[in-house]
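J.:
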Ligand code: GLA
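Numbering (our numbering), first residue to last: 8 to 639.
#1: Look up residue 600 in the DSSP assignment and say whether it is helix, strand or coil.
#2: Under a three-way DSSP split, which group does residue 106 fall into?
#3: Below 8 Å on the Cβ atoms is my contact criterion, and I expect residue 375 with residue 403 to pass it. Report the Cβ-Cβ distance as a whole number of Å.
#4: Where does residue 208 fall in DSSP's three states?
#5: Strictly by DSSP, which residues pair up with residue 560?
#6: Quick one: what's got a C-beta closer than 7 Å to residue 164's C-beta in the same chain, skipping five residues either side?
#7: Any idea if residue 434 is buried or exposed, counting beta-carbon neighbours within 10 angstroms, 16 or more meaning buried?
#8: Count the C-beta pairs between the stretch 551-559 and the stretch 39-52 that are closer than 8 Å, then say yes if the count reaches three, no if not.
#9: Where do the ends of the alpha helix (DSSP H) carrying residue 653 lie?
#10: Excluding five sequence neighbours on each side, which residues of the same chain lie with their C-beta closer than 7 Å to the C-beta of residue 279?
#11: Quick check: the Cα distance between residue 247 and residue 269, rounded to an integer number of angstroms?
#12: Taking 8 Å as the threshold, find out whether the stretch 453-470 comes into contact with the stretch 233-249 through three or more Cβ pairs.
#13: Would you be able to state if there are at least three C-beta pairs under 8 Å between the stretch 64-78 and the stretch 312-332?
#14: Please determine if the stretch 401-421 and the stretch 439-458 are in contact, where contact requires at least 3 C-beta pairs separated by less than 8 Å.
#15: In three-state DSSP terms, what is residue 271?
#16: Return the residue from the list 560, 271 and 567 that minimises the CA-CA distance to residue 611.
#17: At what residues does the beta strand (DSSP E) containing residue 529 begin and finish?
#18: For residue 123, report the span of its beta strand (DSSP E) as first-last.
#19: Quick one: measure Cβ to Cβ for residue 474 and residue 406, integer angstroms, because I've assumed they're closer than 8 Å.
#20: Under 9 Å between the Cβ atoms of residue 363 and residue 80?
#21: Exposed or buried, residue 636, counting other C-beta atoms within 10 Å across all chains shown (16 or more means buried)?
#22: Thinking just about the alpha-carbon of each residue, which of 303, 356, 482 and 346 is nearest to the one in residue 379?
#23: Compute the beta-carbon to beta-carbon distance between residue 579 and residue 617, rounded to the nearest angstrom, for a pair I have assumed lies under 8 Å.
#24: Can you list, in chain order, the residues of its chain whose CB lies under 7 Å from that of residue 178, leaving out five sequence neighbours each side?
#25: Is the beta carbon of residue 154 within less than 8 Å of some heavy atom of the ligand GLA?
#26: Should residue 148 go down as buried or exposed, given a rule of 16 or more other Cβ atoms within 10 Å for buried?
#27: I think residue 171 touches residue 106, with their Cβ atoms under 8 Å apart; what is that distance to the nearest whole Å?
#28: On the DSSP bridge assignment, give the partners of residue 90 in chain order.
#29: Alpha carbon to alpha carbon, what distance is there between residue 283 and residue 201?
#30: Can you tell me where the alpha helix (DSSP H) holding residue 440 begins and where it ends?
#31: Which ranges does the beta strand (DSSP E) cover as unbroken runs of at least 3 residues, wholly within the stretch 378-441, from first to last along the chain?
#32: Residue 62: beta carbon under 8 Å from a heavy atom of the ligand GLA?
#33: Could you tell me whether the stretch 568-588 touches the stretch 515-523, where touching means 3 or more Cβ pairs closer than 8 Å?
#34: What's the C-alpha gap between residue 14 and residue 30?
#35: Using only the alpha-carbon positions, how far apart do residue 68 and residue 192 sit?
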């Protein structure tokens, strides 16, 4: 055998047995990779036309809502975005690809030559101190063209003229919407990638030009997540280029599909984590669940979006104020965008008081951007704790059920000392109370109690990382193949009813990084020792932490007792501004936890790496950064 051939064969054999298939090991980056582009330093607030009017939107309705935001004092409280959803378009003009507005419902958009413009509309909103948002789709066609076929406001004309989505027109449309028309916010839907299969009845009956689906709502495996991400990333790039003043919001709306709960944070200002909310308790639970355990993936500039508020309708109408307050409290605690969608020209005071609760708005808009963490979890009741920028806590006790529920609130849920008094101020009734150690509440069916909390911190000279999810960027969570999250409430699908085989997990994200629990929802535990505070993540992960003035990083680390992969050894390393400052020897399942501490004084970006040499096809190792904290 000639030497060259021998070498080739030898290298092929090595490739077969060697770590070519080792799962990609991340490396420290030394720069902050968290997405802070755009104007959403805090969660966007405002009004959206969809839940209130669907495609039967018109200028009078939108301007009426805008006027009410101002007149009722909601604009002053932060509700500034006025977002026009689906229904505004008439067609795409084929001579030059320009989008034409339906002037029958937006008369001020008419121009003598039929070109149409929203400039007058956005100018009026701006002159009222408001901002303007618009809706489009990332594919060829939009959701109403699949789901609102009865609508009088569907795009008109030939198949080409009815292609109103961004595909093929990304920079043209974004230039038009932002530069020429002056919008500040773009919601980008994804039905164009999901519902217009070339051979489908929808496409045939309506004479659309089909697009082979890249999103299959029923199947993560049949969804091309990378392609979907790339399409949204191209929109993000165009938005950035068109808005050098950085004053824009990019709202990704692909309903939790295509693994967006993982990558949305790197691309958009917000990303929908689930399907559309309906004014129904079960739907609210579903959407809430899709976002509530994703605290580490959100922060200033990028927010989980469990959808528009549905306060004012159905289970959340003025006859169901307990449920309406719960809906609002949960969205506030999760740092969700607060978008009212109600005909504000005739809103009762009881609902205005909910949207206008300044204490809860302040919780939602807190500059630290720490989404609440689940401190107690069950299908019946949950306790959410949010750490505010000044260090004080806000706690919500949520009764998910239709029966009364007893909830014990412990100082430890709050990471406060159990032997010092803890003061609670109810953010709805404003009543104050005090307890030490533990207290009990009887919650009415569907009730949420929410309190601002003052007490003595367990950790007196620092913060646990699980208290500051807004300062953490999960640069790599170590998830190998996206897996469906089984923890989201499975509602009867509002559209399919019980005609399908059942309501199964739909959204990828299972195995993601978690505050105070493992990626698979277990208590953090290393070699029989449990940790109330810490970060649970998979091997081959990289977490970035913003350090604002702390001098020491400390944690007790190891392979978590819950791991099913007991073979691989994990090395834990800490970097400060790209420089290695601490490292453990390789640690295996059952090995005693190792204390790790690092001098981080003066450093801005702390990176936590957990690496192992497991193969790509292997179960990932579960690792725990027990008690991970920043100290003075
Ligand atoms: C999708 C979105 C909704 C709304 C409609 C408009 O369903 O998720 O929020 O924008 O499309 O058709």
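We put the beta carbon where it would ideally sit given N, CA and C, even for glycine.
T.: In this structure, then:
#1: coil
#2: strand
#3: Not confirmed; about 17 Å, so no contact.
#4: helix
#5: Paired residues: 605 and 637.
#6: 98
#7: With 16 or more Cβ atoms within 10 Å of its Cβ, residue 434 is classed as buried.
#8: yes
#9: Since the displayed the chain opens at 8 and closes at 639, residue 653 lies outside it and no answer follows.
#10: 259, 260, 261, 262, 263, 312 and 314
#11: 21 Å
#12: Here the stretch 453-470 does not lie against the stretch 233-249, with fewer than 3 beta-carbon pairs under 8 Å apart.
#13: no
#14: yes
#15: helix
#16: Comparing Cα positions, the closest option is 560.
#17: For residue 529, no beta strand (DSSP E) run applies, since DSSP gives it neither H nor E.
#18: For residue 123, no beta strand (DSSP E) run applies, since DSSP gives it neither H nor E.
#19: Wrong, their Cβ atoms sit about 25 Å apart, outside the cutoff.
#20: yes
#21: buried
#22: 303
#23: 5 Å
#24: 245
#25: yes
#26: buried
#27: 7 Å
#28: 55 and 140
#29: 15 Å
#30: Run containing residue 440: none in the alpha helix (DSSP H); it sits in the beta strand (DSSP E), 439-442.
#31: Taking only runs of at least 3 residues, the beta strand (DSSP E) segments lying wholly in the stretch 378-441 are 380-383, 388-394, 400-406, 412-417 and 429-433.
#32: Flag set: Cβ of residue 62 near the ligand GLA.
#33: no
#34: Only weak support exists for where residue 14 lies, its pLDDT of 43 falling under 50; the coordinates are left without a value.
#35: 19 Å
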